[in-house]
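Asks: In UniProt numbering, the protein residues as written are 1 to 688.
Quick reminder that beta carbons are idealized off the backbone N, C-alpha and C, glycines included.
Quantities reported herein were computed from a predicted structural model and do not represent experimental measurements.
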């Protein structure tokens, strides 16, 4: 069982927890309950209170004994007996159910409106009769005095089926192209239908004439709402004789008094999703409206939110168990949710043990897992001297920090700051003394942090008050009194450093007003010191400040800017001189570099020549290449220019070419000497 709280309203989710498969044997279920704590602690209020895939509608019989739900897949209805806390029966259907109605006090008479334009009647034993309507239906209502069923859907007509005579009667012709929802008032039996054009038509069943028309689409558009498209009516519900709630496809709920064409209140869900269900809770005057994402409970007189619920899966229907605090939902999931809200009312008779259970939980609240751990950032760990624990099992990484055991945190804090308790005690004593001083008549006290900023805000507030008095406007709230900015005047970490370079660049003007504030600050500090010593204040103390104001007014803003710039330049000059002195003091040691084999050392002037050459234009470089002979530019017959150039060879390529030359020359000399020897031998030997 999960417990959530919103606006101090506790909501108990009775269907939370893991569900066991139906095909498991009882022996395996018992074994799982012994092993798994979550399964053992779950509350199964009604056995197998679920659908195979999705549940679409859920209702309670008038006697409160039976809960009926329809869903898929396959299309079926399941009836649960609350006295036995189990399933009564299950019946499969031919097509999916759009909606259904329980005509009797128990489950003996049920009517189903199905997707394929079928209307199916069930009795206590099962299927009884099946008929068809001309157009696809979307909703229907039962008129008890005449035993008529009113069907609305994808047509401008409202079809009437009389169950006493067993035949269709003349349909009601409306001005709407399509209708989405309908309802019949339980007091005077007025029939109302919501159209796709965003209108509600009211008909009198006795005369079969339209008696009223409400334009809900126009009324749902307010200054705070943003609507895409035309709002159509998606839900409709009567409350008593005079009240009616209308839900639109854009997420608004309008509460009407039938005597007026204007809504009493317009409530927006702010999700832009169609309203699927509207229920009334009379004990606390609440309206329970639901779209597929959220269930909201709000006061029908003021519109103030009482509480809200956001289930894990999409909502299809909501059913409030009569005269109790139990709420059931049909979801886009197999399990149907059951919620118990003790504030709305007591638990039903068949599960009265819930009251005792919730009372025990409130008396003995369980501590959560996070109560035993402390969240710390990396900076906190460094301050405590525990940065070396990062990566160990004592710290659990989470978001921008770590979770650590609260006992370890307290021990480390005591070792890091053993006098923390004494400081805390002094701070508490100081706060008590300040509380007693606040009762005495005091001068305006400035905060301990950012005094100059506080004085500036006080002066601006006084000027604004004078302007608002003249213009008769409302006074804006002061930053000094706003709790959101309280820390800025209490925590020393938020102190503005006026000597920093960033502040001086952003605020280059040390204006005459800031000089006035500094003098006022000195005066206020002197007055505070006198008050602490409990001495009487001397008269005529502030005359010096008044006399100096005239001289301050003569200062020019341009001179202030120039002064600030001169100061910044002087500071930069001083910094450069300090750096130059540091460079002179540092002794440079010689460094030696090794040249690779086969390379020659070149002077550093070559790199300088290359840099100068790169700075020249392309035309100058081409002229230089022509002089050296590596480039030749000539005109062609066509009129264009032709450039031929020679690639510069590296030192290795030059050496390689020279070695090849020498090798060729050596081979030539060898060949010549060999041929010369042969010729000599031929001449010296005679033929025999």
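Round the Cβ separation of residue 313 and residue 12 to the nearest angstrom and send it over; I've been treating them as touching at under 8 Å.
Replies: On the chain shown, residue 313 is found 313 positions in, with the first residue counted as 1. On the chain shown, residue 12 is found 12 positions in, with the first residue counted as 1. Not really, about 18 Å apart at Cβ, beyond 8 Å.
Asks: Measure the CB-CB distance between residue 83 and residue 350 and report whether it falls below 8 Å.
Replies: As a working mapping, residue 83 is identified with position 83 in the chain shown. As a working mapping, residue 350 is identified with position 350 in the chain shown. Yes, these two residues count as a Cβ contact at 8 Å.
Asks: Do you know how far the Cα of residue 181 is from the Cα of residue 143?
Replies: Here residue 143 corresponds to residue number 143 of the chain shown, with the count starting at 1. Here residue 181 corresponds to residue number 181 of the chain shown, with the count starting at 1. One C-alpha to the other measures close to 15 Å.
Asks: Would a C-beta distance cut-off of 8 Å place residue 309 and residue 55 closer than the cut-off?
Replies: Mapped onto the chain shown, residue 309 falls at position 309. Mapped onto the chain shown, residue 55 falls at position 55. Their beta carbons are not under 8 Å apart, which means residue 309 does not touch residue 55 by this criterion.
Asks: Can you tell me which of the three DSSP states residue 383 falls into?
Replies: As a position in the chain shown, residue 383 is number 383, starting the count at 1. Helix.
Asks: One question on the structure: do residue 179 and residue 117 come within less than 8 Å of each other, judged by their Cβ atoms?
Replies: Taking the chain shown and counting its residues from 1, one reaches residue 179 at position 179. Taking the chain shown and counting its residues from 1, one reaches residue 117 at position 117. No, the pair does not count as a contact, with Cβ atoms beyond the cut-off.
Asks: Can you name the start and end residues of the alpha helix (DSSP H) that residue 621 belongs to?
Replies: Walking along the chain shown from the start, residue 621 turns up at place 621. 618 to 628 is the span of the alpha helix (DSSP H), which, as asked, contains residue 621.
Asks: According to the Cβ coordinates, are residue 148 and residue 169 closer than 8 Å?
Replies: The sequence position of residue 148 within the chain shown is 148, counting from 1. The sequence position of residue 169 within the chain shown is 169, counting from 1. A contact, by the Cβ cut-off of 8 Å.
Asks: Run through the DSSP bridge pairs and tell me what residue 246 is partnered with.
Replies: To locate residue 246, count along the chain shown from 1; it is residue 246. The partner list for residue 246 (beta bridge, DSSP) reads 236 and 254.
Asks: Helix, strand or coil for residue 124 per DSSP?
Replies: Against the chain shown, residue 124 aligns to sequence position 124. Residue 124: coil per DSSP, three-state reduction.
Asks: Opposite residue 9 in the DSSP bridges: which residues?
Replies: Here the question's residue 9 lines up with position 9 in the chain shown. For residue 9, which the question treats as bridged, DSSP gives the partners 6.
Asks: Spell out the partners DSSP gives residue 277 in its beta bridges.
Replies: The sequence position of residue 277 within the chain shown is 277, counting from 1. Note: residue 277 sits in a beta bridge opposite 290.
Asks: Give the range of the beta strand (DSSP E) segment to which residue 193 is assigned.
Replies: Looking up residue 193 in the chain shown gives position 193. Going by DSSP, residue 193 is part of the beta strand (DSSP E) stretching over 191 to 195.
Asks: What three-state label does DSSP hand residue 115 in the structure shown?
Replies: Numbered from its first residue, the chain shown carries residue 115 at position 115. Here residue 115 carries a coil assignment [DSSP, helix/strand/coil].
Asks: For residue 5, I'd like the list of residues in its chain whose CB is within less than 8 Å of its CB, leaving aside the five on either flank, ordered along the chain.
Replies: To locate residue 5, count along the chain shown from 1; it is residue 5. Within the same chain, and ignoring the five residues on either side of residue 5 in sequence, the residues whose Cβ sits closer than 8 Å to its Cβ are 11.
Asks: Under a Cβ-count criterion, where at least 16 other Cβ atoms within 10 Å of its own Cβ denotes burial, should residue 207 be classed as buried or exposed?
Replies: Against the chain shown, residue 207 aligns to sequence position 207. Looking at its Cβ environment, which holds fewer than 16 other Cβ atoms inside 10 Å, residue 207 is exposed.
Asks: In this structure, how does DSSP classify residue 148 when only helix, strand and coil are distinguished?
Replies: For the purposes of this step, residue 148 is taken as residue 148 along the chain shown, with counting starting at 1. Note: residue 148 maps to strand in three-state DSSP.
Asks: In this structure, what does DSSP give as the bridge partners for residue 87?
Replies: Walking along the chain shown from the start, residue 87 turns up at place 87. According to DSSP, which records beta bridges pairwise, residue 87 is partnered with 80.
Asks: Please name the residue or residues paired with residue 308 in a DSSP beta bridge.
Replies: Looking up residue 308 in the chain shown gives position 308. Under the DSSP definition of a beta bridge, residue 308 partners with 296.
Asks: In whole angstroms, what separates the C-alpha of residue 262 from that of residue 201?
Replies: Here residue 262 refers to the residue found at position 262 when the chain shown is read from its first residue. Here residue 201 refers to the residue found at position 201 when the chain shown is read from its first residue. Cα to Cα, the separation comes out at about 15 Å.
Asks: On the criterion of 16 or more Cβ atoms from any shown chain inside 10 Å, does residue 362 qualify as buried, or is it exposed?
Replies: As a first step, residue 362 is located in the chain shown; it is residue number 362 there, counting from the start. It counts as exposed.
Asks: Between residue 234 and residue 267, which are expected to be in contact by the criterion C-beta below 8 Å, what is the C-beta distance as a whole number of angstroms?
Replies: One-based indexing of the chain shown puts residue 234 at position 234. One-based indexing of the chain shown puts residue 267 at position 267. That belief does not hold up - the Cβ atoms of residue 234 and residue 267 are roughly 14 Å apart, past 8 Å.
Asks: Count the C-beta pairs between the stretch 264 to 283 and the stretch 238 to 255 that are closer than 8 Å, then say yes if the count reaches three, no if not.
Replies: yes
Asks: From the DSSP output, in three-state form, read off residue 59 for me.
Replies: The residue given as residue 59 occupies position 59 in the chain shown. In the structure shown, residue 59 sits in a strand (DSSP, three-state: E or B).
Asks: Could you tell me the alpha carbon to alpha carbon distance between residue 44 and residue 198, rounded to whole angstroms?
Replies: Against the chain shown, residue 44 aligns to sequence position 44. Against the chain shown, residue 198 aligns to sequence position 198. Roughly 42 Å separates the two Cα atoms.
Asks: Using the three-state DSSP reduction, which class does residue 94 fall into: helix, strand or coil?
Replies: The residue given as residue 94 occupies position 94 in the chain shown. Reduced to three states, the DSSP call for residue 94 is coil.
Asks: If you draw a straight line from the C-alpha of residue 752 to the C-alpha of residue 417, how long is it?
Replies: In the structure displayed, the chain extends from 1 to 688; residue 752 sits before or after that span and is not available.
Asks: Compute the beta-carbon to beta-carbon distance between residue 61 and residue 105, rounded to the nearest angstrom, for a pair I have assumed lies under 8 Å.
Replies: Against the chain shown, residue 61 aligns to sequence position 61. Against the chain shown, residue 105 aligns to sequence position 105. At roughly 6 Å, the Cβ-Cβ gap stays under 8 Å, so residue 61 and residue 105 are in contact.
Asks: Rounded to the nearest angstrom, how far is the Cβ of residue 64 from that of residue 91, given a contact under 8 Å?
Replies: Taking the first residue of the chain shown as 1, we reach residue 64 at position 64. Taking the first residue of the chain shown as 1, we reach residue 91 at position 91. About 21 Å separates the two Cβ atoms, so there is no contact after all.
Asks: Helix, strand or coil for residue 212, going by three-state DSSP, please let me know.
Replies: As a working mapping, residue 212 is identified with position 212 in the chain shown. Of the three classes helix, strand and coil, the one that applies to residue 212 here is strand, per DSSP.
Asks: In chain order, what are the residue ranges of uninterrupted beta strand (DSSP E) at least 3 long that sit wholly in the stretch 315 to 368?
Replies: 315 to 320, 326 to 331 and 337 to 340
Asks: Between which two residues does the alpha helix (DSSP H) holding residue 415 run?
Replies: In the chain shown, counting from the first residue as 1, residue 415 sits at position 415. Residues 406 to 416.
Asks: Please work out which residues of its chain come closer than 8 Å, Cβ to Cβ, to residue 100, disregarding the five sequence neighbours upstream and downstream, and give them in chain order.
Replies: Locating residue 100 in the chain shown gives position 100, where the first residue counts as 1. Taken in chain order, the residues that qualify are 57, 59, 68, 70, 77, 110, 111, 112 and 113.
Asks: Could you tell me the alpha carbon to alpha carbon distance between residue 494 and residue 295, rounded to whole angstroms?
Replies: On the chain shown, residue 494 is found 494 positions in, with the first residue counted as 1. On the chain shown, residue 295 is found 295 positions in, with the first residue counted as 1. Their Cα atoms are separated by approximately 43 Å.
Asks: Give the straight-line distance between the Cα atoms of residue 571 and residue 564, rounded to the nearest whole angstrom.
Replies: Along the chain shown, read from residue 1 onward, the residue named residue 571 stands at position 571. Along the chain shown, read from residue 1 onward, the residue named residue 564 stands at position 564. Those two C-alpha atoms are separated by around 11 Å.
Asks: Say whether the stretch 485 to 492 touches the stretch 446 to 458, bearing in mind that this needs 3 or more beta-carbon pairs closer than 8 Å, one atom from each stretch.
Replies: With three or more CB-CB distances shorter than 8 Å, the stretch 485 to 492 counts as touching the stretch 446 to 458.
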